[in-house]
Amino acid sequence: MDKVVGSAAEAVADIGSGSTLAVGGFGLCGIPSVLIEALLAQGADELEAVSNNAGVDEWGLGQLLFAGRLRRMVASYVGENKEFARQYLSGELEVELTPQGTLAERMRAGGAGIAAFFTPTGVGTQVAEGGLPWRYDTEGNVVVASPAKEVRSFETADGPRDYVLEQAIVADYGLVRAQRGDRHGNLVFRHAAQNFNPQAAMCGRVTIAEVEELVEPGEIAPEDVHTPGVYVHRVVALTPEQAADKRIEKKTVQQVDSGGRAASASERVETQGAS
Numbered sequence: 001m002d003k004v005v006g007s008a009a010e011a012v013a014d015i016g017s018g019s020t021l022a023v024g025g026f027g028l029c030g031i032p033s034v035l036i037e038a039l040l041a042q043g044a045d046e047l048e049a050v051s052n053n054a055g056v057d058e059w060g061l062g063q064l065l066f067a068g069r070l071r072r073m074v075a076s077y078v079g080e081n082k083e084f085a086r087q088y089l090s091g092e093l094e095v096e097l098t099p100q101g102t103l104a105e106r107m108r109a110g111g112a113g114i115a116a117f118f119t120p121t122g123v124g125t126q127v128a129e130g131g132l133p134w135r136y137d138t139e140g141n142v143v144v145a146s147p148a149k150e151v152r153s154f155e156t157a158d159g160p161r162d163y164v165l166e167q168a169i170v171a172d173y174g175l176v177r178a179q180r181g182d183r184h185g186n187l188v189f190r191h192a193a194q195n196f197n198p199q200a201a202m203c204g205r206v207t208i209a210e211v212e213e214l215v216e217p218g219e220i221a222p223e224d225v226h227t228p229g230v231y232v233h234r235v236v237a238l239t240p241e242q243a244a245d246k247r248i249e250k251k252t253v254q255q256v257d258s259g260g261r262a263a264s265a266s267e268r269v270e271t272q273g274a275s
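Be aware that the sequence shown starts at 1, since it is given in the UniProt record's numbering, and climbs by one per residue.
Given below as structure tokens:
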């Protein structure tokens, strides 16, 4: 089955307001930026995004944040996005902060048909006991907090240990970016860009992949496939310009003097922006 669609706009056209999106990427690495921009232009709002973070100010999911399109985020950290923090603390955005590994497994479990699982991560903290602020009001009061979760003791090689029950995540749509993909939806991610992309692809009821290089079926060796096409429903082939447009979340450079001497750690300069 040829899953290639003509444009990113066509691929996201049926995403409705109120939908839940599982979005791949870590920081700005491997984010489906073209699909996000198409969704921004499409106009859907009141969206819930499940992603490791929310990009940075005005890039990646940060674009949807700035436009006021997100009502809720399920993420593992706020990261470098000041607007994310501002909306959360001012009561404009509901945020469910989740341990990073737990978030990845919740997404993977959703794609694997596993309703819930037990993990030791979070036992003895508000992750398990409840009370984590999910939403504030404009005065800074907590109006929605996380509920308590079931904790059960299991016998391990080191004796009994407590585990907390975490529910799987199934999203209406999964948005991912791959280095290579074929017309059947088989995907290959490059190095660290693999991050959350396979999990986001798995847990989306409808998964849309933007690919930097579109190849014919059979050109990707079966053993090289990271995400099988069974999880992918639409494929968008990027132009060379779109594929090359990759931002850097934080760049650290080392100064060198005229004699070739490298600067000390205290003299290194951190900058924000694109490379």
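We put the beta carbon where it would ideally sit given N, CA and C, even for glycine.
Got a sec: is the Cβ-Cβ distance from residue i to anything in chain C below 8 Å?
i: Leu-89; result: Of the chains in the structure shown, none is chain C; there is only one protein chain.
How many angstroms separate the CA atom of residue i from the CA atom of residue j?
i: Gln-199; j: Gly-24; result: 8 Å
i: Phe-117; j: Asp-14; result: 32 Å
i: Gln-242; j: Ala-8; result: 11 Å
i: Gly-91; j: Arg-72; result: 11 Å
Please determine, among the options, the residue with the shortest C-alpha to C-alpha distance to residue i.
i: Lys-149; options: Asp-158, Tyr-136, Gly-130, Ala-244; result: Gly-130
i: residue 279; options: Arg-108, His-226, Met-202; result: Outside the shown range of the chain (1 to 275) lies residue 279, about which nothing can therefore be said.
i: Pro-160; options: Ala-116, Pro-120, Pro-133; result: Pro-120
i: Leu-187; options: Val-56, Leu-214, Lys-250, Gly-110; result: Leu-214
i: Leu-35; options: Leu-61, Asn-141, Phe-84, Arg-205; result: Leu-61
i: Val-151; options: Val-164, Ala-13, Ala-178, Arg-135; result: Val-164
i: Pro-228; options: Arg-71, Leu-40, His-184; result: His-184
i: residue 283; options: Val-144, Leu-64, Ser-19, Gly-110; result: Shown here, the chain extends from 1 to 275; a query on residue 283 therefore has no answer.
i: Gln-42; options: Gln-63, Ala-112, Pro-240; result: Gln-63
i: Glu-210; options: Asn-195, Val-230, Phe-189, Glu-219; result: Phe-189
May I ask you to list the residues that DSSP assigns as paired with residue i?
i: Ser-153; result: Asp-162
i: Gln-167; result: Ala-116
i: Pro-198; result: None, per the DSSP bridge assignment.
Applying the criterion that 16 or more other CB atoms from any shown protein chain within 10 Å of the CB defines a buried residue, is residue i buried or exposed?
i: Leu-255; result: Note that residue 255 corresponds to Gln in the displayed sequence, not to Leu. Burial call: exposed.
i: Arg-86; result: exposed
i: Pro-32; result: buried
i: Val-50; result: buried
i: Phe-154; result: exposed
i: Arg-261; result: exposed
i: Met-202; result: buried
Quick one: measure Cβ to Cβ for residue i and residue j, integer angstroms, because I've assumed they're closer than 8 Å.
i: Val-232; j: Thr-207; result: 5 Å
i: Val-4; j: Ala-237; result: 6 Å
Would you check whether the ligand MN has a heavy atom nearer than 7 Å to the C-beta of residue i?
i: Ser-90; result: No copy of the ligand MN appears in this structure; indeed no ligand is present at all.
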